[in-house]
Structures are given as C-alpha cells and as structure tokens.
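The structure under discussion appears below in the form of structure tokens.
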Amino acid sequence: MKSNKFKDIRARLNKTQKELAQLLGVSIKAIHSYEQEWRKIPHHVERQLLFLLSRVIQDDSTPSEYCWDIRKCPDKKLKTCPAWEFKSGDLCWFINGTKCSGKAHNSWEDKMKECKNCEVFNRFFEKDSNGNG
Ligand code: SF4
Numbered sequence: 072m073k074s075n076k077f078k079d080i081r082a083r084l085n086k087t088q089k090e091l092a093q094l095l096g097v098s099i100k101a102i103h104s105y106e107q108e109w110r111k112i113p114h115h116v117e118r119q120l121l122f123l124l125s126r127v128i129q130d131d132s133t134p135s136e137y138c139w140d141i142r143k144c145p146d147k148k149l150k151t152c153p154a155w156e157f158k159s160g161d162l163c164w165f166i167n168g169t170k171c172s173g174k175a176h177n178s179w180e181d182k183m184k185e186c187k188n189c190e191v192f193n194r195f196f197e198k199d200s201n202g203n204g
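Heads up: the sequence shown begins at 72 in the working numbering, then just goes up one per residue.
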C-alpha cells in the first residue's frame, strides 16, 4: 500500500494520527513515517487498515455477497478453503490461505496481488474509491 492510500483511508475513517496509531497498535511516529514514506507500510498494518475500512463501508443495506457464490466455487474446492471454513465469504480477502486460484498464497503480498484484481474484493471496496488499491 502506498502512503497516499494510507492517508486517504485514515481520512475516510475520520481518525487523527494518534487515534489511528491506537487502533493499529503502533506508535504515532510510525503513522507519521508511513504517511511521509519514510517507512514501508507493513503488511499486517495494511491488512488491519483494510479491515477497519471494510467495517465502515459495511452497512445494513449491503446484500450478502459470499465469494464462493460470486466466483462459483465448486464444492470440492470450497470445502478446503479457509474462507468457507471460517464463514468469511464476505471477508475472504482478510483470511490468509484461501484457495481462490487452487492453492494458498505464500504471503499476504501475493494474496493481495490476486485480491486487488478480483471482483469480490473490488465489488466490496468500490463502494469507497479510497479502499481499492
Ligand atoms: S481472490 Fe481474494 S477477494 Fe477474491 S475470492 Fe479470493 S480471497 Fe476473496
């Protein structure tokens, strides 16, 4: 995630640097460093930030959109996927080890490369242009 995206999401969450630091469990100095591009934004921070944004975007009018329905996963594949196992059809992008392309990714970075080109991820985050990318 790029620093401008990080700043966009912080604004969308309506949090000060201090408030976001508390939410992410990092120092204010770290938030400042991410936003100034002095430090690379760690994957666990990106992951948590997207999670927080997803909860803000989520509202009662959001229809249930499970990834296995959208991507029409066959039963055999479905039963081995952690998104199914942990009942996370609308949070599949958050769960490591999903089998979207047949096998689990080796890292969050690899997983995000696929998710950011996936209709499930984009369908959800397109509700907020700041959340995608
Ligand atoms: S590629 Fe990512 S967003 Fe798409 S179904 Fe798999 S985990 Fe979900």
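Each residue gets a CB set at the ideal place from its N, CA and C atoms; glycine is no exception.
Being a predicted model, the structure only gives us computed values, none of them experimental.
Nonlocal neighbours in the same chain, by C-beta distance under 6 angstroms from residue i, ignoring five residues either side
{"i": "A175", "result": "G168"}
{"i": "L121", "result": "none"}
C-beta atoms of residue i and residue j nearer than 8 angstroms
{"i": "S172", "j": "F165", "result": "no"}
{"i": "E180", "j": "H114", "result": "yes"}
{"i": "K78", "j": "E106", "result": "yes"}
{"i": "I102", "j": "M72", "result": "no"}
{"i": "I99", "j": "K89", "result": "yes"}
{"i": "Q119", "j": "L95", "result": "yes"}
Cutoff 8 angstroms; reference residue i; Cβ partners in own chain excluding five residues on either side
{"i": "S104", "result": "R110"}
{"i": "K148", "result": "K170, G173"}
Among the options, nearest to residue i - alpha-carbon criterion
{"i": "M183", "options": "V97, K150, E117", "result": "E117"}
{"i": "C163", "options": "S74, D79, K143, C186", "result": "C186"}
{"i": "L124", "options": "K76, L84, S178", "result": "L84"}
{"i": "P145", "options": "K170, Q129, I112, F157", "result": "K170"}
{"i": "E136", "options": "I99, W155, S98", "result": "W155"}
Same chain, Cβ closer than 7 angstroms to residue i, five either side skipped, listed in chain order
{"i": "E190", "result": "I141"}
Contact test: residue i Cβ vs the ligand SF4 heavy atom, cutoff 7 angstroms
{"i": "W164", "result": "yes"}
{"i": "A175", "result": "no"}
C-beta neighbour in chain D for residue i, strict 8 angstroms
{"i": "L162", "result": "No chain D is part of this structure, which consists of one protein chain only."}
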